[in-house]
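Q: Below is one structure. I have some questions about it.
Numbering (our numbering), first residue to last: 120 to 275.
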């Protein structure tokens with residue numbers, strides 16, 4: 120998903136690249152700048168892991184920030200708490216399900232013209248996911264006509 124953010128932001132839903140990523144990068148930059156003791160990635164991870172996540176950011180900042188850094192810290196802590204062997208397997212199943220759900224959602228949100236452009240270049244994973252979903256009839260952009268069972272595009 121980060122690859123898409125950097126290399127193909129036009130394939131993502133409106134507002135994701137422009138707002139959330141910009142605000143999150145700015146917040147992370149400020150976080151690291153305030154903590155001058157951070158010298159490497161390991162120290163940055165330790166400091167982010169130490170962030171207190173009991174108070175939701177909406178209570179601290181209100182609606183003005185669209186950063187997801189706090190939510191990422193909270194999610195990372197929740198996933199790290201699943202350490203025992205049976206829970207570890209559950210953790211990776213959860214990560215897999217969320218990733219597949221995000222990929223499917225983004226594939227459906229991207230316009231067909233963007234997918235067509237990507238196919239001309241060999242296609243992105245997102246475009247191949249979209250084609251598979253279309254083939255199996257699980258995309259909202261496609262609807263099956265009642266009478267003759269043809270698939271037609273819903274252009275709106």
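We put the beta carbon where it would ideally sit given N, CA and C, even for glycine.
If you're wondering where the values come from, they're calculated on a predicted model, not measured in any experiment.
How about residue 130 and residue 124: do their beta carbons lie closer than 7 Å?
A: Cβ atoms of residue 130 and residue 124: not closer than 7 Å.
Q: Please list, in chain order, all residues of the same chain as residue 228 whose beta carbon is under 7 Å from its beta carbon, the five residues on each side excluded.
A: Only 132 meet the Cβ criterion.
Q: Any chance the region 141 to 149 sits against the region 237 to 246, with 3 or more Cβ pairs inside 8 Å?
A: No: the two stretches stay apart, fewer than three of their Cβ pairs being nearer than 8 Å.
Q: In or out: residue 215 buried (at least 16 other Cβ within 10 Å) or exposed?
A: The residue is exposed, with fewer than 16 neighbouring Cβ atoms inside 10 Å.
Q: What did DSSP end up calling residue 270 once you bin it into helix, strand or coil?
A: Low confidence applies to residue 270: its pLDDT is 40, below 50, so where it sits in the model is not reliable enough to give any reading.
Q: Since residue 157 and residue 166 are thought to touch, with beta carbons under 8 Å apart, how far apart are those beta carbons, to the nearest angstrom?
A: So it is a contact: roughly 6 Å between Cβ atoms.
Q: Does the separation of the CB atoms of residue 198 and residue 212 fall below 7 Å?
A: Cβ atoms of residue 198 and residue 212: not closer than 7 Å.
Q: Measuring straight from C-alpha to C-alpha, what distance separates residue 188 and residue 143?
A: C-alpha separation (whole angstroms): 6 Å.
Q: At least one CB of chain D closer than 7 Å to the CB of residue 167: is that the case?
A: Here there is only one protein chain, and chain D is not present.
Q: Leaving aside the five residues before and after residue 185 along the sequence, list all residues of the same chain whose C-beta is less than 7 Å from its C-beta, in chain order.
A: Closer than 7 Å at the Cβ level, and outside the excluded window around residue 185, lie 138, 139 and 142.
Q: Over the uninterrupted alpha helix (DSSP H) stretch that includes residue 168, give me the two end residues.
A: It spans 160 to 168 - the alpha helix (DSSP H) in which residue 168 sits, taken as one unbroken run.
Q: May I have the straight-line CA-CA distance separating residue 255 from residue 204, to the nearest angstrom?
A: Cα-Cα distance, rounded: 35 Å.
Q: Please confirm whether residue 236 and residue 246 have their CB atoms less than 7 Å apart.
A: No.
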